[in-house]
Amino acid sequence: GQQVMQIPQYQHVQEGEDFTTYCNSSTTLSNIQWYKQRPGGHPVFLIQLVKSGEVKKQKRLTFQFGEAKKNSSLHITATQTTDVGTYFCAGEGTNAGKSTFGDGTTLTVKP
Amino acid sequence: GAVVSQHPSRVICKSGTSVKIECRSLDFQATTMFWYRQFPKQSLMLMATSNEGSKATYEQGVEKDKFLINHASLTLSTLTVTSAHPEDSSFYICSARGDRASGGETQYFGPGTRLLVL
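Same order as they appear, the protein sequences are chains A and B. Going by our numbering, the first sequence opens with residue 132, and the numbers climb by one from there. Going by our numbering, the second sequence opens with residue 254, and the numbers climb by one from there.
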């Protein structure tokens with residue numbers, strides 16, 4: 132079945148440094164979504180990418196969807212302590228109508 | 254964004270009892286609801302997909318007789334963990350999605366239910 136791999140598993144950064152998490156799917160995706168989960172909380176939807184090569188920005192967050200629609204990345208510029216949490220990607224297959232989550236990248240930010 | 258509620262938020266039960274978890278979409282009609290399970294420091298694992306008025310589709314390895322899912326209306330889905338055992342202790346999260354034909358692509362997650370089986 133469809134597999135979605137996400138790296139790194141953990142990332143520790145100093146406040147102000149940049150952060151990137153990468154997501155790779157074993158199959159071509161219809162779309163990919165990104166979520167953020169704070170400790171003790173539930174996943175919160177950040178964005179959905181649909182088009183090949185798409186790039187979207189939300190303030191300090193930049194999301195990219197690969198040309199082949201099999202990989203994606205989330206980049207945070209100048210991290211802040213409020214960015215801490217686990218970032219999950221979730222890829223929806225072309226036939227499934229359901230999304231498979233990556234294992235997540237847990238970001239910690241040292242003030 | 255849209256609001257999805259989940260009840261109860263936390264439940265402790267004895268081994269062998271059944272527990273029902275409710276998932277409600279409060280301000281939109283959810284044609285599809287998803288049930289996930291999340292163990293500590295792990296990702297979300299999809300258990301089943303339910304469409305209003307039809308039987309749920311379970312993922313491989315998920316026992317349909319143990320995890321009963323009912324999606325009786327466009328705003329309510331329930332997950333019943335039957336004869337719960339300690340290994341069923343987990344964080345159960347639902348998500349809801351509206352009519353895709355109307356552009357309702359986004360999944361909105363409920364706040365989750367922490368189940369502890371003693």
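Beta carbons: idealized from backbone N, C-alpha and C, even for Gly. Quick caveat: nothing in here was measured; it's all calculated off a predicted structure.
Can you find the residues in the same chain that come closer than 7 Å, C-beta to C-beta, to residue 370(B), ignoring five residues on each side of it along the sequence?
266, 268, 337, 338, 339, 341 and 342
Burial state of residue 141(A) (16 or more Cβ within 10 Å)
Classification of residue 141(A): exposed, given that the 10 Å Cβ count is below 16.
Would the beta-carbon of residue 230(A) fall within 8 Å of that of residue 152(A)?
no
Which residue from 225(A), 159(A), 210(A) and 195(A) puts its Cα closest to that of residue 178(A)?
195(A)
Same chain only: Cβ atoms within 6 Å of residue 278(B), ignoring 5 sequence neighbours per side:
257, 328 and 349
Within chain A, partners of residue 282(B) - CB distance below 8 Å
Correct list: empty, because the minimum Cβ distance to chain A is about 17 Å.
What are the start and end residues of the beta strand (DSSP E) that includes residue 204(A)?
Following the DSSP letters along the chain, one finds residue 204(A) inside the beta strand (DSSP E) bounded by residues 202-207.
Listed in chain order, which residues of the segment 311-340 of chain B have Cβ atoms closer than 8 Å to some Cβ of chain A?
313
Report yes if the CB atom of residue 271(B) is closer than 8 Å to the CB atom of residue 315(B), and no otherwise.
no
Going by DSSP in three states, residue 236(A) sits in which element: helix, strand or coil?
Looking at residue 236(A) - three-state DSSP - the assignment turns out to be strand.
Among residues of its own chain, excluding the 5 on either side of residue 283(B), which ones have a beta-carbon nearer than 7 Å to its beta-carbon?
327, 328, 349, 350 and 351
Below 9 Å on C-beta distance, what does residue 346(B) contact in chain A?
173 and 174
Give the C-beta separation of residue 167(A) and residue 216(A) to the nearest angstrom, bearing in mind that I take them to be a contact with Cβ-Cβ under 8 Å.
5 Å
To which residues of the same chain is residue 187(A) closer than 7 Å at the C-beta, ignoring the five residues directly before and after it?
178, 180 and 194
Among 200(A), 170(A) and 192(A), whose alpha-carbon lies nearest the alpha-carbon of residue 183(A)?
200(A)
Just list the residues that DSSP pairs residue 158(A) with in beta bridges.
Bridge partners of residue 158(A): none, in fact.
Quick one, which of 313(B), 360(B), 367(B) and 309(B) has its alpha-carbon nearest residue 330(B)'s?
309(B)
Would you kindly check if the distance between the Cβ of residue 288(B) and the Cβ of residue 361(B) is under 8 Å?
no
Can you tell me whether residue 366(B) is buried or exposed, with buried defined as 16 or more other CB within 10 angstroms of its CB?
buried
Per DSSP, cross-strand counterpart(s) of residue 441(B):
Because chain B is modelled from 254 through 371, residue 441(B) falls outside the range shown and cannot be assessed.
Chain-ordered neighbours of residue 366(B) on chain A, where CB pairs are closer than 9 Å:
Going along chain A, no residue has its Cβ under 9 Å from residue 366(B), so there is no contact; the nearest lies around 10 Å.
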